[in-house]
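**Student:** For reference, the structure I am asking about is given below.
Numbering (the UniProt record's numbering), first residue to last: 1 to 337.
Written as C-alpha cells, this is what we have:
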C-alpha cells in the first residue's frame, strides 16, 4: 500500500505544479536603495529566467539611463519583425520613392492599408508580402540593418537566415522611431491602437499610453514599444516558453521603477520683463532742494465787526395757475407704447 501511495503523491505534486499558476511577482514598494540591476536580479530569480529564455533592453529617453540583459542574443522574433519592416516602408514614402496608395502585389492591398493591417492587427500575410516585395529574405535582412548599431561581428549568422532578432536591435529601431516621432505619427497611432489590455498594456497603468509591436509564436512571447510616462522609456522584452505574464510583469516593473525615479519638474524662475523694442530710458539726475526760510509771522489787528443790514423781503407775487395741456390725439392702437 505504501509503495502505491508514493507514486500517487508524486504524480499529485507534479500535476499541482503544472496546473496552479505561479505566484504573481510583487513589485517593490520602495526603490530608493535599489538599482535596476538589483531589481532585475530579483525579478529573474522569481520567474526562473536565464540567458536561454529571456532578454531585455531598457532606455530612459530623458535621463539616458539604460539596462540590458542578454540583449545581443538572437531569439525568435515572432511578429516584432514588423517594427523595422514598417519603419523602412515609411522611410521610402518620406523619401518620395513610394506612394502610400501604391499597390503592393504580394500584400494584396495598398501600402497605406498594409501599414494598418500589419501594425494594428499584426496581419501575417500582408506583412510577409511587404517583406518579399523588397527582394529575397537575405536582402530584406540586410536592409533592416539600417536601423541597428550592431557590427558584423556581433550579429549571429542565424539572423540572416531565419526570423531571429535581438532586443538590442529592437531598442535601436525604437530609438529611431522615437527620435523621429514627428515623421511617424501615423505609425505611432497604429501601435497605440494595437492589442489593448495585452502584453505591455497588461502591466502598464492605463493613464500612460503604450505604442507597441507584440509577437507570439511557438512559445516565444515578445513585446517592444514606447511607454509614455512623464519620462518616456523604450522597452524590448523577448521570452521563450515562460508565458505572457513575464512580459506584462516586466513592463509593470520597469514602469514602477521609472516613475519612482522621475525627477519632479522645477518651477520656472520669474524673468524680468523686457521692454518693447524702441523704448527710450531717461536718466534724471536728482537735484537737492535749497531750504527757504519761512517768512516772519505778521500780526494784524482785527477790524471791528459791524452788524449786517437786513434788506426788506420782496413783495409776494400773485400765484398763477398754469393752463392744463390738452391730451394729444393719437391714431395708434392702445397696446403700442
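Backbone N, C-alpha and C define an ideal beta-carbon position, used for all residues, glycine too.
If you reduce the DSSP assignment to three classes, tell me which class residue 301 lands in.
**Tutor:** Per-residue confidence for residue 301 stands at a pLDDT of 47, beneath the threshold of 50, marking its modelled position as unreliable; the derived number appears in the next sentence. Coil, per DSSP.
**Student:** Could you tell me whether the Cβ atoms of residue 261 and residue 78 are closer together than 8 Å?
**Tutor:** No.
**Student:** Could you compute how far the alpha carbon of residue 229 sits from the alpha carbon of residue 204?
**Tutor:** Distance between the alpha carbons of residue 229 and residue 204 is about 10 Å.
**Student:** If you run the structure through DSSP and keep just helix, strand and coil, what is residue 104?
**Tutor:** In the structure shown, residue 104 sits in a strand (DSSP, three-state: E or B).
**Student:** Could you check which residue in 191, 200, 45 and 220 has the C-alpha nearest to that of residue 166?
**Tutor:** Selected option, being the one with the closest Cα: 220.
**Student:** Taking the Cβ atom as the reference point for each residue, do residue 163 and residue 242 lie within a distance shorter than 8 Å?
**Tutor:** Contact: no.
**Student:** What is the C-beta distance between residue 238 and residue 36, in whole angstroms, given that I count them as a contact (C-beta under 8 Å)?
**Tutor:** Contact doesn't hold; Cβ gap of about 18 Å is too wide.
**Student:** Can you tell me the Cα-Cα spacing of residue 155 and residue 34, whole angstroms?
**Tutor:** The straight-line gap from Cα to Cα measures roughly 33 Å.
**Student:** Between which two residues does the alpha helix (DSSP H) containing residue 223 stretch?
**Tutor:** Not the alpha helix (DSSP H): residue 223 falls in the beta strand (DSSP E), residues 220-227.
**Student:** Which whole-angstrom value describes the C-beta separation of residue 231 and residue 60, a residue pair presumed to lie in contact below a C-beta threshold of 8 Å?
**Tutor:** Right, their Cβ atoms sit about 6 Å apart.
**Student:** Which ranges would you report for the beta strand (DSSP E) in the segment 176-256 if only whole runs of at least 3 residues count?
**Tutor:** DSSP runs (the beta strand (DSSP E)) wholly in the segment 176-256: 210-217, 220-227 and 233-240.
**Student:** If distances are taken between C-alpha atoms only, which option among 72, 254, 143 and 181 comes closest to residue 153?
**Tutor:** Nearest option by C-alpha distance: 72.
**Student:** For residue 83, which residues from the same chain have a beta carbon less than 7 Å from its beta carbon, with the 5 sequence-adjacent residues on both sides left out?
**Tutor:** If we look at residue 83 and ignore the five residues flanking it on each side, its Cβ neighbours are 170, 173, 213 and 224.
**Student:** Can you check whether the C-beta of residue 261 is within less than 8 Å of a C-beta belonging to chain D?
**Tutor:** No chain D is part of this structure, which consists of one protein chain only.
**Student:** Using 10 angstroms around the beta-carbon of residue 215, count the other beta-carbons present and answer buried if the total reaches 16, otherwise exposed.
**Tutor:** Buried, because 16 or more other Cβ atoms sit within 10 Å of the Cβ of residue 215.
**Student:** Rounded to whole angstroms, how far is the Cβ of residue 200 from the Cβ of residue 236, which I believe are closer than 8 Å?
**Tutor:** Their Cβ separation, rounded to whole angstroms, is 10 Å, which puts residue 200 and residue 236 out of contact at 8 Å.
**Student:** For residue 28 and residue 39, what's the separation of their Cα atoms in angstroms?
**Tutor:** One C-alpha to the other measures close to 8 Å.
**Student:** According to DSSP, is residue 170 part of a helix, a strand, or is it coil?
**Tutor:** Correct three-state label for residue 170: helix.
**Student:** Do residue 208 and residue 176 have their C-beta atoms within less than 8 Å of each other?
**Tutor:** No.
**Student:** Pick out whichever of 41, 74 and 122 has its Cα sitting closest to the Cα of residue 192.
**Tutor:** Out of 41, 74 and 122, 122 has the C-alpha closest to the C-alpha of residue 192.
**Student:** On a Cα-Cα basis, can you pick out the residue from 97, 105, 202 and 91 that is closest to residue 183?
**Tutor:** Closest by alpha carbon: 91.
**Student:** To which residues of the same chain is residue 70 closer than 6 Å at the C-beta, ignoring the five residues directly before and after it?
**Tutor:** Cβ within range, chain order: 51 and 55.
**Student:** Rank 53, 80 and 133 by C-alpha distance to the C-alpha of residue 104 and give the top, closest one.
**Tutor:** Ranking 53, 80 and 133 by Cα distance to residue 104 puts 133 first.
**Student:** What does residue 56 pair with, by DSSP beta-bridge criteria?
**Tutor:** DSSP, once it has assigned bridges, lists 69 and 237 as partnering residue 56.
**Student:** Does DSSP classify residue 385 as helix, strand or coil?
**Tutor:** Shown here, the chain extends from 1 to 337; a query on residue 385 therefore has no answer.
**Student:** Buried or exposed: residue 99, going by 16 or more other Cβ atoms within 10 Å of its Cβ?
**Tutor:** The residue is exposed, with fewer than 16 neighbouring Cβ atoms inside 10 Å.
**Student:** Please report the straight-line C-alpha distance between residue 57 and residue 185, rounded to a whole angstrom.
**Tutor:** Each residue's Cα considered, the two are about 24 Å apart.
**Student:** With distance defined between alpha-carbon atoms, name the residue in 85, 196 and 74 nearest to residue 161.
**Tutor:** With distances taken between Cα atoms, residue 161 lies closest to 74.
**Student:** At which residues does the alpha helix (DSSP H) containing residue 116 begin and terminate?
**Tutor:** Note, residue 116: alpha helix (DSSP H), 111-120.
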